[in-house]
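In this note's numbering, the protein residues as written are 129 to 408. Here the structure is laid out as structure tokens; the discussion comes afterwards.
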């Protein structure tokens, strides 16, 4: 049975793995992950996403790039934006092609920056979208060419070389096992869970669960949830009406002093200093 949050992309034509759709608003906060590449080309307003444990904020003209097997969810606080969504399957190009996406992303662990602020890349993505919607003769051939042009720009200018992950095969194997716990920690970041509860979500014993969670995610479950909480705290810091104590409780810290220590360790400044800066 497929995992609840492992999204299976359905393309209009299975032999041509490109899909485009327009989303007028950020209408889902479910945590999802999938093998395909996802690009959100922001048209208006502001779009915020949590990718892994990072908060990505994009405005009009930006692209949010989601690499294969990056868990992601929308953050729907404040004014929502609109975007055009492009899904690219890893088998878009032949394995013999220089641009073998499956090899580059899954075997070599290459990643593109999640926030792409590149006018050339955005322009190419717009042309790809227009071609997709035109239904002109040979549009698939044109889109394939535009996809190659887009990746040429991204590979030259937008590679996240500090995030090279190596082969993802082991990571994916372990992640599939602990995925229910990861989703629970992300979506219910303001709640507390014991190790036994988290292991139970995955139908594992606690010792084995904790071991493979660290292998898959690089941190312990508590460290992972705290990272999600502190990233969300940054968003709430922008709300002038919320006090530090209210923010701490909203993101799941019952002890304000512990929240302040954790936040200062994370950002290097106190919550009070951060709020003064972020709420301006």
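Ideal Cβ placement from N, Cα and C applies to all residues, glycine included.
Residues sharing a beta bridge with residue i, DSSP
i	result
residue 311	DSSP lists no partner for residue 311.
residue 287	240
residue 187	174
residue 167	193, 214
residue 148	214
residue 182	179
residue 160	200
Proximity to residue i [Cα-Cα], best of the options
i	options	result
residue 334	354, 309, 345, 357	309
residue 347	268, 181, 166	181
residue 315	168, 245, 178, 351	178
residue 328	317, 318, 342, 307	307
residue 147	234, 264, 268, 210	268
residue 396	362, 262, 321	362
residue 184	392, 303, 245	245
residue 234	219, 210, 332	219
residue 331	304, 352, 258	304
Proximal residues to residue i (C-beta, below 7 Å), its chain only, five neighbours per side dropped
i	result
residue 248	281
residue 149	213
residue 302	340, 343, 344
Contact set for residue i: own chain, Cβ-Cβ below 6 Å, skip 5 residues either direction
i	result
residue 167	191, 193, 214
residue 238	232
residue 144	268
residue 403	365
residue 326	309, 349
residue 255	274
Sequence-distant residues of the same chain with beta carbon closer than 8 Å to residue i, five excluded per side
i	result
residue 323	334, 337, 338, 349
Entirely within the stretch 194 to 254 and at least 3 residues each: give me those beta strand (DSSP E) ranges in chain order.
200 to 203, 210 to 216
Does the stretch 166 to 175 touch the stretch 184 to 194, meaning 3 or more C-beta pairs lie closer than 8 Å?
yes
Count the CB pairs spanning the stretch 194 to 201 and the stretch 371 to 382 that are closer than 8 Å, and state whether there are at least three.
no
Which runs of the beta strand (DSSP E) spanning at least 3 residues fall entirely within the stretch 349 to 395, listed in chain order?
none
Contact between the stretch 269 to 286 and the stretch 220 to 228 (3+ Cβ pairs under 8 Å)
yes
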